[in-house]
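Step one of this worksheet: look at the structure below.
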DNA sequence: GACAGTCTGGTACGTTTGTTCCAATTTGAC
DNA sequence: GTCAAATTGGAACAAACGTACCAGACTGTC
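Residue numbers (my numbering), protein chains in the order written: chain A, 356 to 556; chain B, 356 to 556.
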């Protein structure tokens, strides 16, 4: 594949993600994507053998990019010595900013999760993304003094997933300060407390 | 609407949920639903003006039923005095059992979340379900001695949402004992510990 | 600059889609 | 039983769909 072709097929995948974000995975058709990308219909079938492949490849691209973003974030945050509150604020700001920058990408990632429930071929990439999430969360959990960083990382990642979906569906305006930061502050704060150290009086 | 009509339209909605669970929201077409329900195509258009209405009504029905189920659960569990571990075990068993009984319903509820991101008409019912979730979680949080039951309930609900989606996409075999119960035990256990009561030595 | 491989854009075909229509049947109130 | 309203099932339609095709243009290699 030549350079031009690579560029075009990537544009088609990005257009696919925009369609998913705006109108859902059902709206992904060769014609809708071609219109969004500004290319003729034959281009989408030239680069992608079928509609299914087009959708899968777009979701996989979104997951791969998000995985890379998280891995960069791990490298950035790992060496820093932050308190639980600072960790909560940093992660909240990152996630809220990312959601604000590209909501369609996050919608697509949830669609990926549901699609993976039916299409095992998607699970490997989804697992890779999940593991990148866990690594980042584990760094944070260790930093705030968790004595069970592996388990706590799972809880943190699941919490963020749940809050994110809730936000996509409700579009609250104070997501970062009103939801994300309080929840993470509470979570990191409680994880830093030694378990069962205090017996009820 | 006569009794027979009510019964038939409900069957059509249930068939719609089965289609969603098996092949996703994209697969919901008048014909696919009619085939699944064993009725002619004209029945689905007779009871539901458009494909969109069919999909929306099915998702709303799933949410309403789940809300009612949760409210019954609140009444059952509210008076009982359980430890944090017992709460974790009880909630884990309930959720894992429910997921096992009807995975399609939970897939549909996630589809509802994503659909609500684009269709504000769905948000009211989604919010009602969310609030039922929060009430149940809050009962649990109070029972284990949380000093911030409102906030903690949000965290618990978000965590369960995240773990559930992860499970739908990965289909681990030991979901209840290997994922759900450890996470909830940890969460309830840490919430029971007074925040910041212990200063680092 | 010649040439094979890559890419483009337009057209076309058969299928599936949402929706409408309607004659025939069933239902429940009176 | 009567009658209007509700329901049924089948046929039909235009529109949108996935996909295949192809003649021409482009690209990189030699």
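Ideal Cβ positions, reconstructed from N, Cα and C, are used throughout, including at glycine.
Fair warning: this is a prediction, and the values are worked out from it, not measured in the lab.
As for any beta strand (DSSP E) of minimum length 3 sitting wholly inside the region 511 to 547 of chain B, there is none. With 16 or more neighbouring CB atoms inside 10 Å of its own CB, residue 541/B falls in the buried class. Following the DSSP letters along the chain, one finds residue 475/B in no alpha helix (DSSP H), marked with neither H nor E.
With a cutoff of 7 Å on beta-carbon distance, residue 510/A and residue 492/B are scored as not near each other. Cβ proximity to chain B below 7 Å picks out 462, 465 and 466 from the region 442 to 467 of chain A. In the three-state reduction of the DSSP assignment, residue 400/B falls in the helix class.
Contact between residue 513/A and residue 496/A is ruled out by a C-beta separation of about 13 Å, above the 8 Å threshold. Residue 486/B carries a helical assignment under DSSP once its states are collapsed to helix, strand and coil. The DSSP-derived three-state label of residue 405/B is coil. Sequence-distant Cβ neighbours of residue 466/A in its own chain, meaning closer than 7 Å and more than five residues away, are 375, 380 and 414. Judged by DSSP in its simplified three-state form, residue 440/B adopts helix. Nearest to residue 422/A by C-alpha distance, out of 488/A, 545/A, 468/A and 448/A, is 488/A. Distance between residue 482/A and residue 458/A, taken at the CA atoms: about 21 Å. The C-beta of residue 378/B has fewer than 16 other C-beta atoms within 10 Å across all chains shown, which makes the residue exposed. For residue 504/B, the three-state secondary structure derived from DSSP is helix.
Assigned with DSSP and collapsed to three states, residue 384/B falls in coil, not helix or strand. Under the Cβ distance rule, residue 404/A does not count among the residues neighbouring chain B, no pair being separated by less than 7 Å.
Rounded to the nearest whole angstrom, the CA to CA distance from residue 501/B to residue 358/B is 48 Å. For residue 462/A, the uninterrupted alpha helix (DSSP H) run begins and ends at 458 to 471, by DSSP.
Sequence-distant Cβ neighbours of residue 536/A in its own chain, meaning closer than 8 Å and more than five residues away, are 443, 444 and 447. Taking the C-beta atoms as reference points, residue 367/B is found no nearer than 7 Å to residue 400/B. About 4 Å separates the Cβ atoms of residue 543/B and residue 439/B, confirming a contact at the 8 Å cut-off. Taking C-beta atoms under 8 Å as the contact rule, residue 499/A and residue 547/A qualify, at a distance of about 5 Å. The three-state reading of DSSP puts residue 417/A in helix, counting H, G and I together. Using beta-carbon distances, residue 499/A does not count as an interface residue toward chain B, since no partner is under 7 Å. At a cut-off of 7 Å between C-beta atoms, residue 522/A does not count as an interface residue with respect to chain B. The residues 418, 421 and 422, in chain order, have a CB closer than 7 Å to that of residue 484/B in the same chain once the five nearest residues on each side in sequence are set aside. With fewer than 16 other Cβ atoms from the protein chains shown falling within 10 Å of its own Cβ, residue 433/A counts as exposed. With a beta-carbon spacing of about 15 Å, residue 454/B and residue 372/B fall beyond the 8 Å limit used to define contacts. With a 10 Å radius around the Cβ and a threshold of 16 neighbouring Cβ atoms, residue 475/A comes out exposed. Taking 7 Å as the CB threshold, residue 504/A stays off the interface with chain B. For residue 429/A, the three-state secondary structure derived from DSSP is helix. About 6 Å separates the CB atoms of residue 490/B and residue 429/B; that is less than 8 Å, so the two are in contact.
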